[in-house]
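Below: the structure, in structure tokens.
2 protein chains.
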Amino acid sequence: MLDSGKIRFLEKHTEDYGIFIDIDELLYCKKSKYQLVEVFSSKTWGKVLLLDRNVMTTDRDEFIYHEMITQIPFYTALKPESALVIGGGDGGTVRELLKHKEMKKVTLVEIDGDVIDVCKEFFPKIACSFDDPRLDVRVDDGIKFVKECSEKYDIVIIDSSDPFGPAEGLFREEFYQNCKKCLNTGGVLTCQAGNAYMTDEACIAYKNLSKVFKNAGYYFANILTYGGLWGFTFASDTRHYFDDFDKKLYNEKNMDYKYYSEEIHKACFALPPFFRKKLEEYGK
Amino acid sequence: MLDSGKIRFLEKHTEDYGIFIDIDELLYCKKSKYQLVEVFSSKTWGKVLLLDRNVMTTDRDEFIYHEMITQIPFYTALKPESALVIGGGDGGTVRELLKHKEMKKVTLVEIDGDVIDVCKEFFPKIACSFDDPRLDVRVDDGIKFVKECSEKYDIVIIDSSDPFGPAEGLFREEFYQNCKKCLNTGGVLTCQAGNAYMTDEACIAYKNLSKVFKNAGYYFANILTYGGLWGFTFASDTRHYFDDFDKKLYNEKNMDYKYYSEEIHKACFALPPFFRKKLEEYGK
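The listed protein sequences correspond, in order, to chains E and V.
Numbering of the first sequence is given in the working numbering, commencing with residue 234 and proceeding in unit increments.
Numbering of the second sequence is given in the working numbering, commencing with residue 234 and proceeding in unit increments.
Structure below.
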């Protein structure tokens, strides 16, 4: 009797290199209006969400991405009381924001309602804040939303998929201009910004943000299911990612983070010289 | 006519997860006295060295590992004039040490002479310092060498493979005791210490080092071909990895590093709370 077969998920990060995860059970697979949505279970990572066959989140390491895209702007914004999240249909980013009693209002704009429904079903620990009365969920196009939006927020977070398909416009200068319009004075924007070493997404995002905001920054988190190293951009006209870290608020709140800390807040902005050069010289 | 086939290298980092690299050409494959030594070429990473089917180094990202295992102790040791390297047969670590005119003597103890020969042939930019008159190469067992060694060095670097097969003894307390015996006052030890998040190697190494040295530290570098995040241990009885960074020497030398910098030296020791907890509570 032979061993039974194996289903292996592979995600390429370049033409000939990437990561693999063996699939225990394929739990969900459906083409939504926008993309292929799949959920599988695995021994190492627990449940894994794929959008168009790219890893979006996993049970085991989601805390890294969600803490880092959220707590960095929370402790840097002048008065973090309201937030707009574009994308983020899994609910992890709004969960992190709504941990804070200071947060009075959070608007989530996710283009694909199926993502929200799938995450409520399969990732209840991530999609755990959808009933919070402070949360306003809009199933809508984020690009259109920020263009037409007349409200202002203290934090704007672009928690998108990669700049292909539905998320393509979320890395453009025009979009960042509209996001800036949605920010209060003292406000801060963060965006997921791609596989830093292997693609140009980081450079494109950083360059376009730098045109729109006075202070642009780039920071890292170690996310193994994204290939090991993930990048985020930071932008603000008034707040500096490092000098304006609100140490008093951080100490008072004394939260129990798993990845984020004061030390990580400062360290994550340290860029190796080869990468800093790539970022700064891109497009010149 | 069908497309031709493909040879894909996969390295598991857990039972069901890891990285893959497609092989362009298999350049070398031979069982040495100690291990299976292979070299292949790939589009993304250039030439790749495997020992017992684990990635040891690649043309494209070797600078990250070699700068980080070497420059951290160089700028922290009291008087960095001599170094002992255990393992490191590819030559990258001694290349980094011998970049410094301050280095008067470097001893390399590699158990597997075939690794040195293969790297001289296939990785000439890594194995470029074997003719330096300051270098003393011994093809010998590092464990035996440090046990019997009566000389002292300012820096000891354990540039080994993972703690299986020939490198197993290089993570034990007894070995670290012998390494300490080889250190001058003001000396510093660094060791490669495994895939930090996925294995217990980091914890074992850190715990054993902490028993032997007054100051033990743990630091990270982002090495995608090792799965994304790699760990190193730092140990010294007199020098602190952070407070004793020699800023004056660093500024005077003004070297052109690609990954290492003063900023990285400080940032790489920032550990996420979940990992610090794992390190500190291991074995308790």
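We treat Cβ as the ideally placed atom computed from N, Cα and C, and that holds for glycine.
Measuring only the C-alpha atoms, how far is Thr340(E) from Gln425(V)?
Their backbone Cα atoms lie some 45 Å apart in a straight line.
Against chain E, does Gly461(V) count as a neighbour if the rule is that its beta carbon must be under 7 Å from one of theirs?
Gly461(V) counts as touching chain E.
Quick check on Thr423(V) - is its C-beta less than 7 Å from some C-beta in chain E?
No, Thr423(V) lies away from the interface with chain E (no Cβ there is under 7 Å from its Cβ).
Report yes if the CB atom of Gly375(V) is closer than 7 Å to the CB atom of Val351(V), and no otherwise.
No; because the gap between Cβ atoms is not below 7 Å, this pair is not in contact.
Which runs of the beta strand (DSSP E) fall wholly inside the stretch 463-503 of chain E and span at least 3 residues, in chain order?
Whole beta strand (DSSP E) segments, 3+ residues: 463-469.
Rounded to the nearest angstrom, what separates Gly427(V) and Leu330(V) at their Cα positions?
Between Gly427(V) and Leu330(V), the C-alpha separation is close to 22 Å.
Report, in whole angstroms, the separation of the C-beta atoms of Asp255(E) and Asp249(V), which I expect to be a contact under 8 Å.
Contact between Asp255(E) and Asp249(V) holds, with the beta-carbon distance rounding to 4 Å and staying under 8 Å.
Does the stretch 277-292 of chain E come within contact of the stretch 300-312 of chain E, defined as at least 3 CB pairs closer than 8 Å?
Flag = no, the stretch 277-292 of chain E and the stretch 300-312 of chain E do not touch.
In the DSSP assignment, find the beta strand (DSSP E) that holds Gln425(V) and state where it starts and stops.
Here the beta strand (DSSP E) through Gln425(V) covers 416-425.
Do you know how far the Cα of Phe253(V) is from the Cα of Gly324(E)?
So the two alpha carbons sit approximately 31 Å from each other.
Tell me, which residues are paired with Glu343(E) by DSSP?
Answer by DSSP bridge pairing, in chain order: Val372(E).
Per DSSP, cross-strand counterpart(s) of Phe507(V)
Under DSSP, no beta-bridge partner is assigned to Phe507(V).
Just the chain V side, please: which residues come within less than 7 Å of Leu243(E) by C-beta, in chain order?
Below the 7 Å Cβ cutoff, chain V contributes Phe253 as neighbours of Leu243(E), in chain order.
For the stretch 250-278 of chain V, enumerate the residues whose C-beta is nearer than 9 Å to any C-beta of chain E, in chain order.
Answer set for the stretch 250-278 of chain V: Tyr250, Gly251, Ile252, Phe253, Ile254, Asp255, Ile256, Asp257, Ser275, Lys276, Thr277, Trp278.
Considering only DSSP beta bridges, list what Lys353(E) is partnered with.
Its beta-bridge partners do not exist; DSSP assigns none.
Inspect the CB distances between the stretch 387-397 of chain E and the stretch 354-362 of chain E and report whether three or more fall short of 8 Å.
The stretch 354-362 of chain E and the stretch 387-397 of chain E do not touch, with fewer than three beta-carbon pairs separated by less than 8 Å.
Measure the C-alpha to C-alpha separation of Lys208(V) and Phe478(V) and round it to an integer number of angstroms.
In the structure displayed, chain V extends from 234 to 517; residue 208(V) sits before or after that span and is not available.
Top-ranked residue by Cα proximity to Thr277(V), from Val370(E), Gly419(E), Thr432(E), Lys480(E):
Taking only the C-alpha atoms, the option nearest Thr277(V) is Thr432(E).
The beta strand (DSSP E) spanning Lys280(E) covers which residue range?
Looking at the DSSP string, the run of the beta strand (DSSP E) that includes Lys280(E) is 279-284.
Tell me, to the nearest whole angstrom, how far the beta carbon of Glu300(E) is from that of Tyr452(E); I am working on the premise that it is less than 8 Å.
Under the criterion of beta carbons closer than 8 Å, Glu300(E) and Tyr452(E) do not qualify as touching, at roughly 12 Å.
Give me whichever residues DSSP pairs with Phe253(E) in a beta bridge.
Note: Phe253(E) sits in a beta bridge opposite Leu243(E), Gly251(V).
For Lys491(V), which residues in chain E fall below 8 Å Cβ to Cβ?
Chain E residues near Lys491(V): Pro505, Pro506, Phe507.
Counting only Cβ pairs nearer than 9 Å, list the residues of chain E close to Tyr483(V).
Chain E residues near Tyr483(V): none, gap ~13 Å exceeds 9 Å.
Using C-beta distances below 8 Å, list every residue in its chain close to Lys353(V), excluding the 5 sequence neighbours before and after it, in chain order.
Residues Gly324, Ala360, Phe363 of the same chain have their beta carbon placed closer than 8 Å to that of Lys353(V), with the five preceding and five following residues left out of the count.
Identity of the residue in His246(V), Cys262(V), Ser275(V) nearest Thr247(E) by Cα:
Answer by Cα proximity: Ser275(V).
Under 7 Å between beta-carbons, which chain E residues line up against Asn487(V)? List them in chain order, please.
Residues of chain E with a Cβ closer than 7 Å to the Cβ of Asn487(V) do not exist; the shortest Cβ-Cβ separation is about 12 Å.
Rounded separation between Asn441(E) and Glu406(E) - CA only
Answer to the nearest angstrom: the Cα atoms are 5 Å apart.
What residue does the alpha helix (DSSP H) around Met301(E) start on, and which one ends it?
That run of the alpha helix (DSSP H) goes 295-307.
Please list, in chain order, the chain V residues whose beta carbon lies closer than 7 Å to that of Ala500(E).
Among the residues of chain V, those whose CB is under 7 Å from the CB of Ala500(E) are Ala500, Ala503, following chain order.
Return yes when the Cβ of Ile456(V) is within less than 7 Å of the Cβ of Tyr298(V), no when it is not.
Tyr298(V) is a Cβ neighbour of Ile456(V), given a cutoff of 7 Å.
Range covered by the alpha helix (DSSP H) that runs through Thr519(V)
This structure does not reach residue 519(V), given that chain V is present from 234 up to 517, and the question cannot be answered.
Taking Ala435(V) as the reference, give the member of Ser494(V), Phe404(V), Arg367(V) with the closest Cα.
For Ala435(V), the nearest C-alpha among the options comes from Phe404(V).
On the DSSP bridge list, what partners appear for Cys262(E)?
According to DSSP, Cys262(E) bridges with Glu271(E).
Can you find a C-beta in chain E that's less than 7 Å from the C-beta of Ile455(V)?
What sits at residue 455(V) in the sequence shown is Asn, not Ile. At least one CB of chain E lies nearer than 7 Å to the CB of Asn455(V).
Can you tell me which of the three DSSP states Thr458(V) falls into?
Three-state DSSP puts Thr458(V) in a helix.
To which residues of the same chain is Lys312(V) closer than 7 Å at the C-beta, ignoring the five residues directly before and after it?
If we look at Lys312(V) and ignore the five residues flanking it on each side, its Cβ neighbours are Asp387, Gly419.
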